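Chemist:
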Amino acid sequence: MDVTTRQQQPGSVPGAGALAGTGPGRGTAHVQSGTRADEPLFDHEKLEVYQVARAFFVLASGLLAHKMPRDLRDQFDRAAPSILFNIGEGAGKTARADKQRSYEIARGSTTEAATQLDVLHIRGIITSEQYKGARRLLLRVAQMLSRLCGAPRRT
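Residue numbers (this note's numbering): 42 to 196.
(1) Which runs of the alpha helix (DSSP H) spanning at least 4 residues fall entirely within the segment 87-134, listed in chain order?
(2) How many Å lie between Val197 and Leu113 at the Cα?
(3) Starting from Glu153, trace the alpha helix (DSSP H) in both directions and tell me its first and last residue.
(4) With the cut-off set at 9 Å, would you say Ser123 and Ser150 are in Cβ contact?
(5) Mapping DSSP to helix, strand and coil, what is Arg195?
(6) Does Thr63 come out as helix, strand or coil in the three-state DSSP assignment?
(7) Count the other CB atoms, across all protein chains shown, that sit within 10 Å of the CB of Asp84; report buried if there are 16 or more and exposed otherwise.
(8) At a cut-off of 8 Å, would you count His107 as near the ligand NAD, judging by its Cβ distance to the nearest heavy atom?
(9) Look at the alpha carbon of Tyr144 and the alpha carbon of Cys190, and state the distance between them as a whole number of angstroms.
(10) Put Asp79 into one of helix, strand or coil per three-state DSSP.
(11) So is Val182 buried or exposed if we call it buried at 16+ other beta carbons inside 10 Å?
(12) Does the distance from the CB of Leu104 to the CB of Leu161 come in under 9 Å?
(13) Taking the Cβ atom as the reference point for each residue, do Phe117 and Leu178 lie within a distance shorter than 9 Å?
(14) Taking Lys108 as the reference, which of Arg164, Asp159, Ala155 and Thr135 has the closest Cα?
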């Protein structure tokens with residue numbers, strides 16, 4: 042299985058679903074986003090990077106239950122879903138440059154969340170175990186997004 046996409050049934054083609062860009066999505070892999078295996082998937086739901094980012098978001102949502110300074114909570118609460126939002130947006134784009142830009146933004150949100158996670162750990166708001174688990178997920182997301190972004194763009 043490719044590091045960025047879920048397997049599809051033989052003969053299926055992305056974008057062939059009833060809704061533009063949704064594809065048939067009847068993949069053989071279990072999708073953790075709450076859809077059944079026999080339901081069509083959106084393109085972003087087929088991406089492994091989305092699944093790992095979603096796992097981080099679930100973990101991050103639990104970390105937000107800890108008592109912490111409001112400014113840190115607000116920033117962390119914005120960065121964590123931003124990763125998912127931008128992966129989803131990128132998956133829905135058809136132009137390569139548009140996809141790349143969305144994935145670059147998602148990567149920036151990933152490193153922002155990793156920095157905030159570090160601050161939570163330094164301040165003793167989360168345990169070393171919570172920090173390591175969340176960091177491991179974010180590192181995987183950043184690595185996969187780097188591959189999706191491709192070579193740096195010239196400005």
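For each residue, glycine too, the CB sits at the ideal point set by N, CA and C. All figures in this text were calculated on a predicted structure; none of them were measured in a lab.
Modeler: Put simply:
(1) Here the runs fully enclosed are 89-104 and 111-133.
(2) Residue 197 is absent from the model: the chain starts at 42 and stops at 196.
(3) Per DSSP, Glu153 is one residue of the alpha helix (DSSP H) stretching across Arg137 to Ile163.
(4) Yes, they are a contact pair.
(5) Correct three-state label for Arg195: coil.
(6) With a pLDDT of 37 at Thr63, under the threshold of 50, the modelled position of that residue is not reliable, and the figure given next carries that caveat. Thr63 falls in the coil class under three-state DSSP.
(7) That one is buried.
(8) This structure simply doesn't include the ligand NAD, nor any ligand for that matter.
(9) If you take the alpha carbons of Tyr144 and Cys190, they lie about 6 Å apart.
(10) Asp79 falls in the coil class under three-state DSSP.
(11) In the assembly as shown, Val182 is a buried residue. Its beta-carbon has 16 or more other beta-carbons within 10 Å.
(12) Leu161 sits close to Leu104, with the two beta carbons spaced by under 9 Å.
(13) Not closer than 9 Å, so no.
(14) Distances from the alpha-carbon of Lys108 to those of Arg164, Asp159, Ala155 and Thr135 put Arg164 closest.
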